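So the protein lines, in turn, are chains X and Z. Those letters in the first sequence? Residues 1 to 144, by this note's numbering. Those letters in the second sequence? Residues 145 to 288, by this note's numbering. Step one of this worksheet: look at the structure below.
2 protein chains.
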Amino acid sequence: MRWDDIDKQVCSVARALSVVGERWTMLIIRDAFLGTRRFDQFQSNLGVTRHRLSERLTKLVEHGVLVKVPYQDRPVRYEYRLTRKGLGLYPVLMSLARWGDDWMDKDQGAPLEYVHQTCGNKTHPVLACSECVEPLKPEAVTPQ
Amino acid sequence: MRWDDIDKQVCSVARALSVVGERWTMLIIRDAFLGTRRFDQFQSNLGVTRHRLSERLTKLVEHGVLVKVPYQDRPVRYEYRLTRKGLGLYPVLMSLARWGDDWMDKDQGAPLEYVHQTCGNKTHPVLACSECVEPLKPEAVTPQ
DNA sequence: CATATTAATTCCCAAATGGAACCTTCATAC
DNA sequence: GTATGAAGGTTCCATTTGGGAATTAATATG
Numbered sequence: 001m002r003w004d005d006i007d008k009q010v011c012s013v014a015r016a017l018s019v020v021g022e023r024w025t026m027l028i029i030r031d032a033f034l035g036t037r038r039f040d041q042f043q044s045n046l047g048v049t050r051h052r053l054s055e056r057l058t059k060l061v062e063h064g065v066l067v068k069v070p071y072q073d074r075p076v077r078y079e080y081r082l083t084r085k086g087l088g089l090y091p092v093l094m095s096l097a098r099w100g101d102d103w104m105d106k107d108q109g110a111p112l113e114y115v116h117q118t119c120g121n122k123t124h125p126v127l128a129c130s131e132c133v134e135p136l137k138p139e140a141v142t143p144q
Numbered sequence: 145m146r147w148d149d150i151d152k153q154v155c156s157v158a159r160a161l162s163v164v165g166e167r168w169t170m171l172i173i174r175d176a177f178l179g180t181r182r183f184d185q186f187q188s189n190l191g192v193t194r195h196r197l198s199e200r201l202t203k204l205v206e207h208g209v210l211v212k213v214p215y216q217d218r219p220v221r222y223e224y225r226l227t228r229k230g231l232g233l234y235p236v237l238m239s240l241a242r243w244g245d246d247w248m249d250k251d252q253g254a255p256l257e258y259v260h261q262t263c264g265n266k267t268h269p270v271l272a273c274s275e276c277v278e279p280l281k282p283e284a285v286t287p288q
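The structure is reproduced here in structure tokens:
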């Protein structure tokens, strides 16, 4: 099966990956969450080629993860911003970051720390049950 | 910059993606969480080519996400199981699934439902603060 | 001995990627 | 009005990666 056809699978993970599962895409999203908005900023932050970046941004816009918003006229220039759909990727991003911190920490410590403004503490993300607020662990969850 | 060099970035997301950010890899992990263990099972579930599958499994084993465990002698056959490191990807997987359910739901409803054995309810994953147990939202988290 | 099972590997062609140069629209400076 | 520069792309081409089918390897079974 071609990778391009995975969005036809009856699986939310596969369908999610058909949008954000390509090389560079999640790094673009990461940068977007950290405030990057413009083409050249993305390009120099990521080191991805302009061609690839252009392609990925276009796809993310097509899928409604980013929107192009004009920030000046003459010449018209657009910047890319996360939509609600894009903001919805926050848990994915934070979970990835957390896993990277926990398991891929090659001698250089956690690159970023996070402060939760709501409680004022240094925080890390925990996956919790929507109903009982206890942490969700794979053994305790039955998919049906 | 080459994709292969992203693990050199000082970013946990980039380092995580250097292991699980390639095509098919997260789908292999998904299947592993659902109980798939053997080469041919992965192959027929995913529809990935044997070549690609072999390559990805090898990489996951090298990075300690999966282990090869012999399940018979003569001929020795191995199956692939999630390690603790691999199990650590649960939040990433569940967050992806949740996002797919919420935003990529092409007319066919949520493919899987999840029951939390701890509380007995149908559940979905929520990203919570490790300190105050409130949901973590991007606006309320300051990276430093 | 022939066939089946499971896990790979090889080969060949198609598709995706990386790198660098080029293009377009306008503003500003000379 | 020509030159320079900034922002956001596109084009071109060589290299890398991926897909598909056939093949190999180790052994059990008939």
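Backbone N, C-alpha and C define an ideal beta-carbon position, used for all residues, glycine too. Since this is a predicted model, take the numbers as computed values, not measurements.
Within chain X, the residues that residue i reaches when beta carbons sit closer than 8 angstroms
i: Asp184(Z); result: Simply none; closest approach about 15 angstroms.
i: Gln288(Z); result: Leu112, Glu113, Tyr114 and Val115
i: Asp217(Z); result: Neighbours of Asp217(Z) on chain X: none; closest Cβ ~30 angstroms, over 8 angstroms.
i: Val192(Z); result: Met1
Residue i: contacting residues in chain X (beta-carbon distance under 7 angstroms)
i: Glu275(Z); result: His116, Cys119, Asn121 and Thr123
Identity of the residue in the options nearest residue i by Cα
i: Val205(Z); options: Pro269(Z), Arg167(Z), Tyr215(Z) and Thr227(Z); result: Thr227(Z)
i: Cys155(Z); options: Met1(X), Thr142(X) and Asn45(X); result: Asn45(X)
i: Cys273(Z); options: Val19(X), His51(X) and Pro91(X); result: Pro91(X)
i: Arg181(Z); options: Glu166(Z), Val213(Z), Glu199(Z) and Arg200(Z); result: Val213(Z)
i: Thr286(Z); options: Leu34(X), Pro138(X), Cys132(X) and Arg81(X); result: Leu34(X)
i: Arg159(Z); options: Asp105(X), Arg81(X) and Asp7(X); result: Asp105(X)
i: Lys266(Z); options: Val133(X), Val48(X) and Val76(X); result: Val133(X)
i: Val157(Z); options: Leu96(X), Gln43(X), Gln9(X) and Phe42(X); result: Leu96(X)
i: Gln261(Z); options: Ala140(X), Arg81(X), Arg50(X) and Gln41(X); result: Ala140(X)
i: Cys119(X); options: Lys281(Z), Cys263(Z) and Lys152(Z); result: Lys281(Z)
i: Asp149(Z); options: Thr58(X), Gly47(X) and Val20(X); result: Gly47(X)
Inter-residue CB distance, residue i and residue j (contact presumed, cutoff 8 angstroms)
i: Lys229(Z); j: Trp24(X); result: That pair is no contact at about 24 angstroms.
i: Leu171(Z); j: Leu93(X); result: No, Leu171(Z) and Leu93(X) are not in contact; Cβ-Cβ is about 19 angstroms, not under 8 angstroms.
i: Arg200(Z); j: Glu166(Z); result: 7 angstroms
i: Leu271(Z); j: Leu127(X); result: 6 angstroms
Backbone secondary structure at residue i - three-state DSSP
i: His116(X); result: strand
i: Arg275(Z); result: Note that residue 275(Z) corresponds to Glu in the displayed sequence, not to Arg. Glu275(Z): coil per DSSP, three-state reduction.
i: Val65(X); result: coil
i: Arg77(X); result: strand
i: Leu178(Z); result: coil
i: Gln288(Z); result: coil
i: Thr58(X); result: helix
i: Pro91(X); result: helix
Contact set between residue i and chain Z, taken where Cβ atoms lie within less than 7 angstroms
i: Asp4(X); result: What Asp4(X) touches in chain Z: nothing, since even the nearest Cβ is about 10 angstroms away.
i: Gln43(X); result: Going along chain Z, no residue has its Cβ under 7 angstroms from Gln43(X), so there is no contact; the nearest lies around 10 angstroms.
i: Ala140(X); result: His260, Gln261 and Thr262
Per-residue contacts from residue i into chain Z (C-beta, under 9 angstroms)
i: Glu134(X); result: His260, Thr262 and Cys263
i: Leu27(X); result: Ile150, Gln153, Cys155, Val157, Ala158, Leu161 and Gly165
Amino acids of chain Z, ordered along the chain, whose beta-carbon sits closer than 8 angstroms to that of residue i
i: Leu127(X); result: Tyr234, Pro235, Met238, Ser239, Pro269, Val270, Leu271 and Ala272
Contact set between residue i and chain X, taken where Cβ atoms lie within less than 9 angstroms
i: Leu178(Z); result: Pro143
Residues in the region 83-94 of chain X having any Cβ partner in chain Z nearer than 8 angstroms: Going along the region 83-94 of chain X in chain order, one finds Lys85, Leu87, Gly88, Leu89, Tyr90, Pro91, Val92, Leu93 and Met94 with a Cβ nearer than 8 angstroms to chain Z.
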